[in-house]
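The opening position of the sequence shown corresponds to residue 26 in the working numbering, with each subsequent residue numbered one higher.
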Amino acid sequence: MLRLRYDREKILEVIDAVVRKTMTMDMIWDWPCGVAYYGVSKAYEVTGKKEYLDMLVDWTEEYLKMGLPDWTVNACAMGHAMITLYEATKEQKYWDIVMSKAEYLQKDALRFGDRVLQHTVSTKNDFPEQAWADTLFMAAFFLLRVGAKLRDSDLINDALNQYYWHIKYLQDEKTSLWYHGYSHINQDHMSGFYWGRANCWAAYTMSQVKKQLPDWYLYPQCMDIECSLRDQLAAIKLLQTENGLWRTILDDSESYEEVSASAGIAAAMIGNENPLHTKYVQKALDGILENITEDGRVMNVSGGTAVMKDRDGYRNVPKNWIQGWGQGLALAFLGAVLTVPNMDVKDMAETHEN
């Protein structure tokens, strides 16, 4: 069993600060907000603090009055928070938004090859026949949640098909690490770097599949997901820095430590429930807490990152600003920490003696 050493009240205080800081950000209905509010949703689910839910409701109601944007793959990330709002309030309008996003993904979103979702950030054909790891969080994981809730086999299979092909396209068989993107047209990984947050999107979403599908073993694609995650985390753990973090290019000692990727990777380790990862999660917890200010700002989070042309492109993405995805992934991680049994001082002493 994976067990951690932490001060529960301290974690709750940090979560509260991060939620409050997040809700002061002027984010629009897009993927930064989608990831941020996914984290706030997880904070609500773990703590039960209705105030967090009320903040999400107030923001959503204001946006509904202004009008919703056109859907893209990235904008579907907001569907995660809408699922939580519907489950908590039973307000049909939130579920209608969820189903509108699911319908868009199934009927209108650009696809290629074996019905693989093309990564899109606007209503244009942004990246022709390109698969990005980001899409797993923004769309595939969302479709899986909807399909599992409705017990809709078509939605579930569509979601698992996305996982399957993203694994085939993006995971390096030699290293088990994930590339950022894949061009189906050129049949290559473009610049070909193991971007930290890409690995975070992959690891975190794969770690959630079994939680969404109790009968996961009845779906053949889930065997690929389980093995992909197992091998990825076995490789990633060896690249953790002395500060408990992972770099923006995982295997590049000259690229900076990046906190959003670190939070997502550590959260995936918790979700995967392998006790051998305990020491890596513990180290990550200490490192991530060091990067959260007293007022709830998650620091050292890289800016929005396309598949860059070269190594310097990734190294030079700024990390000086508060970002929605940094806030959200930190909340997802800290919320996951609170679900892990706490190792008290006595337990620690016994562990060292043995």
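Glycine residues also receive a C-beta, built at the ideal position from the N, C-alpha and C atoms.
- Closest in C-alpha terms to residue 342, from the list 330, 352, 351, comes 330.
- Looking only at 74, 60, 206, 315, the smallest Cα-Cα distance to residue 282 is reached by 315.
- A direct Cα-to-Cα measurement between residue 228 and residue 289 gives close to 7 Å.
- Taking residue 345 as reference, the option from 308, 354, 304, 285 with the minimal CA-CA separation is 285.
- C-alpha of residue 164 to C-alpha of residue 187: approximately 9 Å in a straight line.
- Remark: C-beta atoms of residue 226 and residue 159 approach each other more closely than 7 Å.
- Annotation: the continuous alpha helix (DSSP H) that includes residue 286 extends over 284 to 297.
- In the pairwise beta carbon analysis, the stretch 93 to 105 is classified as touching the stretch 44 to 60: at least three pairs are separated by under 8 Å.
- Counted as a single uninterrupted DSSP element, the stretch harbouring residue 237 is not any beta strand (DSSP E) but the alpha helix (DSSP H) occupying residues 234 to 237.
- Between the alpha carbons of residue 184 and residue 262 lies a distance of about 27 Å.
- Uninterrupted beta strand (DSSP E) stretches at least 3 residues long and entirely within the stretch 182 to 240 occur at 206 to 208, given in chain order.
- Residue 151 and residue 145 have their C-alpha atoms spaced approximately 6 Å apart.
- Of the residues assessed, residue 224 falls on the buried side of the cut-off, its CB having 16 or more other CB atoms within 10 angstroms.
- With contact defined as three or more Cβ pairs closer than 8 Å, the stretch 165 to 176 and the stretch 240 to 249 are not in contact.
- The three-state secondary structure of residue 275, taken from DSSP, is coil.
- The criterion of a C-beta distance shorter than 7 Å is satisfied by residue 232 and residue 293.
- The beta-bridge partner set that DSSP reports for residue 155 consists of 208.
- DSSP places residue 99 within a helical segment (H, G or I) once states are collapsed to three.
- For residue 29, the three-state secondary structure derived from DSSP is strand.
- The C-alpha of residue 66 is placed about 35 Å away from the C-alpha of residue 198.
- Its chain contains 232, 254, 258 as the residues whose beta carbon lies nearer than 7 Å to that of residue 297, once the 5 sequence neighbours on both sides are disregarded; these appear in chain order.
- Around the Cβ of residue 318, a 10 Å sphere holds fewer than 16 other Cβ atoms; the residue is exposed.
- CA-to-CA, the gap between residue 320 and residue 48 works out to about 12 Å.
- Nearest Cα to residue 60 within the set 162, 129, 112: 162.
- Here the alpha carbon of residue 148 sits roughly 34 Å from the alpha carbon of residue 361.
- With respect to the 7 Å criterion, residue 141 and residue 352 are not classified as neighbours on the basis of their beta carbons.
- About 11 Å separates the Cβ atoms of residue 266 and residue 221, ruling out a contact at the 8 Å cut-off.
- Around the C-beta of residue 252, fewer than 16 other C-beta atoms lie within 10 Å, and the residue is accordingly described as exposed.
- DSSP, reduced to helix, strand and coil, places residue 136 within a strand of the structure shown.
- Between residue 349 and the set 41, 63, 166, the nearest pair of CA atoms involves 63.
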